[in-house]
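There are 2 protein chains.
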Amino acid sequence: MSVETMRIENGFLQLIDQRVLPLAFETVMCRNAAETAEAIRSMVVRGAPAIGCAAAYGVALEARIAAGQMRPIFDATLEQAFSILAASRPTAVNLFWALERMRRLWTQQGHMPSDEVAALLFHEACAIFEEDIAANRAMGAHGAALLTQDARVLTHCNAGALATAGHGTALGVIRSAVEAGKNISVIADETRPFLQGARLTAWEMVQEKIPVTLIADNMAGHMMKSGAIDAVIVGADRIAANGDVANKIGTYMVAVLAARHNIPFYVAAPLSTFDLSAASGDAIPIEERSADEVTGFRNVRWAPEGVLVANPAFDVTPAELIAAIITEKGVISRPDRNTVAAHCSAANMNKT
Amino acid sequence: MSVETMRIENGFLQLIDQRVLPLAFETVMCRNAAETAEAIRSMVVRGAPAIGCAAAYGVALEARIAAGQMRPIFDATLEQAFSILAASRPTAVNLFWALERMRRLWTQQGHMPSDEVAALLFHEACAIFEEDIAANRAMGAHGAALLTQDARVLTHCNAGALATAGHGTALGVIRSAVEAGKNISVIADETRPFLQGARLTAWEMVQEKIPVTLIADNMAGHMMKSGAIDAVIVGADRIAANGDVANKIGTYMVAVLAARHNIPFYVAAPLSTFDLSAASGDAIPIEERSADEVTGFRNVRWAPEGVLVANPAFDVTPAELIAAIITEKGVISRPDRNTVAAHCSAANMNKT
Numbered sequence: 001m002s003v004e005t006m007r008i009e010n011g012f013l014q015l016i017d018q019r020v021l022p023l024a025f026e027t028v029m030c031r032n033a034a035e036t037a038e039a040i041r042s043m044v045v046r047g048a049p050a051i052g053c054a055a056a057y058g059v060a061l062e063a064r065i066a067a068g069q070m071r072p073i074f075d076a077t078l079e080q081a082f083s084i085l086a087a088s089r090p091t092a093v094n095l096f097w098a099l100e101r102m103r104r105l106w107t108q109q110g111h112m113p114s115d116e117v118a119a120l121l122f123h124e125a126c127a128i129f130e131e132d133i134a135a136n137r138a139m140g141a142h143g144a145a146l147l148t149q150d151a152r153v154l155t156h157c158n159a160g161a162l163a164t165a166g167h168g169t170a171l172g173v174i175r176s177a178v179e180a181g182k183n184i185s186v187i188a189d190e191t192r193p194f195l196q197g198a199r200l201t202a203w204e205m206v207q208e209k210i211p212v213t214l215i216a217d218n219m220a221g222h223m224m225k226s227g228a229i230d231a232v233i234v235g236a237d238r239i240a241a242n243g244d245v246a247n248k249i250g251t252y253m254v255a256v257l258a259a260r261h262n263i264p265f266y267v268a269a270p271l272s273t274f275d276l277s278a279a280s281g282d283a284i285p286i287e288e289r290s291a292d293e294v295t296g297f298r299n300v301r302w303a304p305e306g307v308l309v310a311n312p313a314f315d316v317t318p319a320e321l322i323a324a325i326i327t328e329k330g331v332i333s334r335p336d337r338n339t340v341a342a343h344c345s346a347a348n349m350n351k352t
Numbered sequence: 353m354s355v356e357t358m359r360i361e362n363g364f365l366q367l368i369d370q371r372v373l374p375l376a377f378e379t380v381m382c383r384n385a386a387e388t389a390e391a392i393r394s395m396v397v398r399g400a401p402a403i404g405c406a407a408a409y410g411v412a413l414e415a416r417i418a419a420g421q422m423r424p425i426f427d428a429t430l431e432q433a434f435s436i437l438a439a440s441r442p443t444a445v446n447l448f449w450a451l452e453r454m455r456r457l458w459t460q461q462g463h464m465p466s467d468e469v470a471a472l473l474f475h476e477a478c479a480i481f482e483e484d485i486a487a488n489r490a491m492g493a494h495g496a497a498l499l500t501q502d503a504r505v506l507t508h509c510n511a512g513a514l515a516t517a518g519h520g521t522a523l524g525v526i527r528s529a530v531e532a533g534k535n536i537s538v539i540a541d542e543t544r545p546f547l548q549g550a551r552l553t554a555w556e557m558v559q560e561k562i563p564v565t566l567i568a569d570n571m572a573g574h575m576m577k578s579g580a581i582d583a584v585i586v587g588a589d590r591i592a593a594n595g596d597v598a599n600k601i602g603t604y605m606v607a608v609l610a611a612r613h614n615i616p617f618y619v620a621a622p623l624s625t626f627d628l629s630a631a632s633g634d635a636i637p638i639e640e641r642s643a644d645e646v647t648g649f650r651n652v653r654w655a656p657e658g659v660l661v662a663n664p665a666f667d668v669t670p671a672e673l674i675a676a677i678i679t680e681k682g683v684i685s686r687p688d689r690n691t692v693a694a695h696c697s698a699a700n701m702n703k704t
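Taken in sequence, the protein lines are chains A and B.
Mapping of the first sequence onto the numbering used here: position 200 corresponds to residue 200, and the numbering continues sequentially without gaps.
Mapping of the second sequence onto the numbering used here: position 249 corresponds to residue 601, and the numbering continues sequentially without gaps.
This is the structure:
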């Protein structure tokens, strides 16, 4: 089976509602940029590459609505769409990368009629979507080679098909390794507070009959100490120029534990996740989400009234703890300022 | 206010039902050893010292029921009570310590009429209970001196009044520091899967107006990295002869992170928590609990069918990561085989 995280249905963007998986399978229809931004903010759709793709479609939807208008009106509408989408979530850079790519195309066509610009923007959003799947496939091939035949692989959060246009980044590597005949089993951190691991990673793996063992986040250290983990692989929301990786809260703890136990810690992320303007992880904004995500889950509250709450949605794992970053262009072993720069500039040269 | 984790009410053992706190305040009445064992197993009462006290009362309740019987019948009844209680939970050694203390008293009175033995056993259970509160008060005084004036203290699980006869071990240190005029604030790990931190520690601190910030377990590393934590203090379920500490799952991860950030990691536990027959943490049995604790919470399930689950209830923190162990007799700095042996033998000599 293939998970369709998002697709165009009757001209609108249809998203799997990831807030209710796996107990319910529902979809949300986004008809314009504002609805798409709200779906990103409320985590109907989440995962850095998926957010980027959804945002690109959000621009395309808004452009279609305004198609046929005079350019100044069309352009003003689009400008607002970009603002709304850019304000939806702060940490994943793929969002800004996708918006920037859409903006570049738009601003390059200063004299084109708005309906033609709208058609180009729609085509570009589809290209971003298709390229993401291809990137995940390429990452899968590069990453699968790093996993041993019977690797028991810990992952945190969901960097799967649901977090991307398809196949997944971290789970894409696992899928590709399984396709290559390896006997991979997965240990999934449940990933409080949103439980992406328990709900989404577990669901994806069960669908594909890849053995998956669910643990609470605080069990990962004990599992490593017990010799039950051979490798860790996670996705990323933003990678700084020095190889520091912002990813789902808790990733840093897993990386520190992996280092203590000499377990390789891998990050799988497309080049669109790199933010070379951020010198290090310190420059990456960390989203703080609402308290009610931590005091309970959905409609169930278990913490007492009067308690304060911290809810940082991401943390930064320093490059020194990362064995390799896997991109669609290959593997950056021992990431640092030099290896990241070399990889990104080689990738750019190959592109042109 | 004072939390009455357990008390004798109309001759029975009344326990606060810690499974439903803080949203409901209910009590469970245990009339005999079997009901007490079931309350321990199902975590109506939890926390190593509290389990020890409850088990002692369980023996006393059963002895009262059999009081007046001929000794062989009385003794057989008691033997069964010890078996049932010893099988309730495996990791916290205070359970076995309390049962052993009750057994010693019983077997020393080979020729005494059963009603007199029952009275002695009841008196002994009360003594264990009262001594636990006194030990926590003493630990509080020793431990409070280790905390700085404005310390922001992370704790994991609940080592509070609810985990003991009263005052608490780790939270007892915090309470004593506050009583001594220190401006302590608490960061509470929610402590999946049973959520003792979110439900019990947060509740105890809110009751006493000690500022408490709730976080998901996977946020502790980020908080430490951000400079938001000055010290860590936790309780213990069993301490080996070399200073290795078994405590609630996740403790090990916190200790590894604290070491990385040069944050002192303290353990507060009475001498009844030491198991000198265990050479190291490797000798401590780790309880595996049921899968449904991890796939959801109470009646809410969020993981998909078909997922495997690991649910170790405890982990072992090696002594090398522990700055000090605080007992009722003082502070063991840099615990190891020698310092633990010296502390325990000095405590024993003082006792006689």
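Cβ atoms here follow ideal geometry from the backbone N, Cα and C, with glycine treated the same way.
Please read all numbers here as calculations on a predicted model, not as lab measurements.
Worksheet item: Do you know whose CA, among B:Ala470, B:Leu375, B:Asn651 and B:Gln460, lies nearest Thr429 of chain B's CA?
Response: Looking up residue 429 of chain B in the second sequence gives position 77. Among B:Ala470, B:Leu375, B:Asn651 and B:Gln460, the Cα nearest to that of Thr429 of chain B is on B:Ala470.
Worksheet entry | Span separating the alpha-carbon of Ala486 of chain B from that of Ala517 of chain B | Residue 486 of chain B sits at position 134 when you count from the first residue of the second sequence. Residue 517 of chain B sits at position 165 when you count from the first residue of the second sequence. C-alpha separation (whole angstroms): 9 angstroms.
Worksheet item: Count the other CB atoms within 10 Å of the CB of Ser272 of chain A; is the residue buried (16 or more) or exposed (fewer)?
Response: Numbered from its first residue, the first sequence carries residue 272 of chain A at position 272. Label assigned to Ser272 of chain A: buried.
Fill in: Cβ-heavy atom distance, Val597 of chain B to the ligand SAM, below 8 angstroms
With respect to the ligand SAM, the structure shown offers nothing to examine, as it has no ligands at all.
Worksheet item: Is there contact between the segment 587-602 of chain B and the segment 653-670 of chain B, where contact requires at least three CB pairs shorter than 8 angstroms?
Response: yes
Fill in: Test item: CB-CB of Ala170 of chain A and Gly235 of chain A under 9 angstroms
Here residue 170 of chain A refers to the residue found at position 170 when the first sequence is read from its first residue. Here residue 235 of chain A refers to the residue found at position 235 when the first sequence is read from its first residue. The answer is yes: Cβ separation under 9 angstroms.
Worksheet item: Is Asn510 of chain B closer than 9 angstroms to Gln548 of chain B when the C-beta atoms are compared?
Response: What you label residue 548 of chain B is simply residue 196 of the second sequence in a count that begins at 1. What you label residue 510 of chain B is simply residue 158 of the second sequence in a count that begins at 1. Contact flag set, yes.
Discussion item. Which residue marks the beginning of the beta strand (DSSP E) containing Thr155 of chain A, and which one marks its end?
Written reply: Here residue 155 of chain A refers to the residue found at position 155 when the first sequence is read from its first residue. Unbroken beta strand (DSSP E) run through Thr155 of chain A: Arg152 to Thr155.
Fill in: Strand pairing of Gly602 of chain B, partner residues [DSSP]
The residue you call residue 602 of chain B lines up with position 250 of the second sequence. Beta-bridge pairing links Gly602 of chain B to no other residue.
Worksheet entry | Under 8 angstroms from the C-beta of Pro193 of chain A: neighbouring residues of chain B | Residue 193 of chain A sits at position 193 when you count from the first residue of the first sequence. Under a criterion of Cβ atoms nearer than 8 angstroms, the residues of chain B adjacent to Pro193 of chain A are, in order, Ala568.
Worksheet item: How big is the Cα-Cα spacing for Gly47 of chain A and Gly181 of chain A?
Response: The residue given as residue 47 of chain A occupies position 47 in the first sequence. The residue given as residue 181 of chain A occupies position 181 in the first sequence. When rounded, the separation of the alpha-carbon atoms in Gly47 of chain A and Gly181 of chain A is 27 angstroms.
Item to complete: For Ala306 of chain A, go through chain B and note every residue whose CB falls closer than 7 angstroms to its CB, in chain order.
Response: Looking up residue 306 of chain A in the first sequence gives position 306. The displayed chain sequence assigns Gly, not Ala, to residue 306 of chain A. Chain B residues near Gly306 of chain A: Val558.
Practice prompt. Reducing DSSP to helix, strand and coil, say where Val530 of chain B ends up.
Written response: As a working mapping, residue 530 of chain B is identified with position 178 in the second sequence. In the three-state DSSP reduction, Val530 of chain B falls in the helix class (H, G or I).
Item to complete: Could you pull out every residue in the same chain whose Cβ sits closer than 7 angstroms to the Cβ of Ala34 of chain A, ignoring the five residues on either side in sequence?
Response: Walking along the first sequence from the start, residue 34 of chain A turns up at place 34. So the list reads Ile84, once near-sequence residues are dropped.
Discussion item. Nearest by alpha-carbon distance to Gly58 of chain A: which of A:Ala151, A:Met43, A:Val44 and A:Thr36 is it?
Written reply: Here residue 58 of chain A refers to the residue found at position 58 of the first sequence. With distances taken between Cα atoms, Gly58 of chain A lies closest to A:Thr36.
Worksheet item: Would a check of beta-carbon distances place Glu378 of chain B closer than 9 angstroms to chain E?
Response: Annotation note: the requested chain E is absent from the structure, which comprises protein chains A and B.
Practice prompt. Express the C-alpha separation of Phe297 of chain A and Leu566 of chain B in angstroms, rounding to a whole number.
Written response: On the second sequence, residue 566 of chain B is found 214 positions in, with the first residue counted as 1. On the first sequence, residue 297 of chain A is found 297 positions in, with the first residue counted as 1. Taking the straight line from one Cα to the other gives about 14 angstroms.
Worksheet item: Run through DSSP, which three-state label would Gln366 of chain B get?
Response: Counted from its first residue, the second sequence places residue 366 of chain B at position 14. The answer is strand: DSSP assigns Gln366 of chain B an E or B state.
Worksheet item: Name the chain A residues that come within less than 8 angstroms of Arg551 of chain B, Cβ to Cβ?
Response: Position 199 of the second sequence, counted from the first residue, corresponds to residue 551 of chain B. What Arg551 of chain B touches in chain A: Trp302, Ala303 and Pro304.
Worksheet entry | Selection from B:Met422, B:Asp502, B:Ser537 and B:Ala515 that minimises the alpha carbon distance to His463 of chain B | Numbered from its first residue, the second sequence carries residue 463 of chain B at position 111. Each of B:Met422, B:Asp502, B:Ser537 and B:Ala515 was checked against the Cα of His463 of chain B, and the nearest Cα belongs to B:Met422.
Worksheet entry | Within-9 angstroms CB hit, His343 of chain A to chain B | Reading the first sequence from its first residue, position 343 is the one you call residue 343 of chain A. So, not an interface residue.
Item to complete: For Thr5 of chain A, return the contacting residues in chain B, with the cut-off set at a CB-CB distance below 8 angstroms.
Response: Indexing the first sequence from 1 puts residue 5 of chain A at position 5. Those do not exist, as Thr5 of chain A stays about 17 angstroms from chain B at its closest Cβ, beyond 8 angstroms.
Practice prompt. Could you spell out where the beta strand (DSSP E) holding Arg590 of chain B opens and where it closes?
Written response: Position 238 of the second sequence, counted from the first residue, corresponds to residue 590 of chain B. Start and end: Arg590 to Ala592.
Discussion item. Please confirm whether Pro622 of chain B has its beta-carbon closer than 9 angstroms to some beta-carbon of chain A.
Written reply: By 1-based counting over the second sequence, the position of residue 622 of chain B is 270. False, the Cβ-Cβ gap to chain A never drops below 9 angstroms.
Discussion item. Can you look up Arg489 of chain B in the DSSP assignment and give me helix, strand or coil?
Written reply: For this step, residue 489 of chain B is matched to residue 137 along the second sequence. Arg489 of chain B falls in the helix class under three-state DSSP.
Worksheet item: Contact check, Val584 of chain B vs Met557 of chain B under 8 angstroms by CB: the rounded distance?
Response: In the second sequence, counting from the first residue as 1, residue 584 of chain B sits at position 232. In the second sequence, counting from the first residue as 1, residue 557 of chain B sits at position 205. Not confirmed; about 16 angstroms, so no contact.
Practice prompt. Provide the residue(s) that pair with Thr521 of chain B in DSSP beta bridges, ordered along the chain.
Written response: In the second sequence, the residue the question calls residue 521 of chain B occupies position 169. DSSP, once it has assigned bridges, lists no residue as partnering Thr521 of chain B.
Worksheet item: So, helix, strand or coil for Pro465 of chain B, using DSSP?
Response: On the second sequence, position 113 is the one that residue 465 of chain B refers to. In the displayed model, Pro465 of chain B falls within coil according to three-state DSSP, outside both helix and strand.
Worksheet item: How many angstroms separate the CA atom of Thr553 of chain B from the CA atom of Phe74 of chain A?
Response: Within the second sequence, the letter at position 201 stands for residue 553 of chain B. Within the first sequence, the letter at position 74 stands for residue 74 of chain A. A straight line joining the alpha-carbon of Thr553 of chain B with that of Phe74 of chain A spans about 56 angstroms.
Worksheet item: Between Ala415 of chain B and Leu451 of chain B, is the Cβ-Cβ spacing less than 9 angstroms?
Response: Taking the second sequence and counting its residues from 1, the one referred to as residue 415 of chain B is at position 63. Taking the second sequence and counting its residues from 1, the one referred to as residue 451 of chain B is at position 99. No, Cβ-Cβ distance for Ala415 of chain B and Leu451 of chain B is not below 9 angstroms.
Discussion item. Quick check for students: name the residue ranges of the beta strand (DSSP E) that lie wholly in the segment 270-330 of chain A, counting only runs of 3 or more.
Written reply: 314-317 and 324-327
Worksheet item: So Ala151 of chain A packs on Ser176 of chain A, CB below 8 angstroms; how close in whole Å?
Response: Stepping through the first sequence from its first residue, residue 151 of chain A is reached at position 151. Stepping through the first sequence from its first residue, residue 176 of chain A is reached at position 176. In fact, because the Cβ distance is near 13 angstroms, the residues do not count as touching under 8 angstroms.
Worksheet entry | Contact set for Asp688 of chain B: own chain, Cβ-Cβ below 7 angstroms, skip 5 residues either direction | Residue 688 of chain B sits at position 336 when you count from the first residue of the second sequence. Counting only Cβ-Cβ distances below 7 angstroms, and skipping sequence neighbours, we find Asn594, Gly595 and Ala671.
Discussion item. Give me the residue from B:Ala655, B:Ile591 and B:Met395 with the minimum Cα distance to Cys696 of chain B.
Written reply: For the purposes of this step, residue 696 of chain B is identified with residue 344 of the second sequence, where counting begins at 1. For Cys696 of chain B, the nearest C-alpha among the options comes from B:Ile591.
Worksheet item: From the beta carbon of Glu542 of chain B, is the nearest beta carbon of chain A less than 9 angstroms away?
Response: Indexing the second sequence from 1 puts residue 542 of chain B at position 190. Interface residue, yes.
Item to complete: Given a cut-off of 9 angstroms, decide if Val525 of chain B and Ala540 of chain B are closer than it, judged by their beta-carbon atoms.
Response: Indexing the second sequence from 1 puts residue 540 of chain B at position 188. Indexing the second sequence from 1 puts residue 525 of chain B at position 173. Going by C-beta atoms, Ala540 of chain B is not nearer than 9 angstroms to Val525 of chain B.
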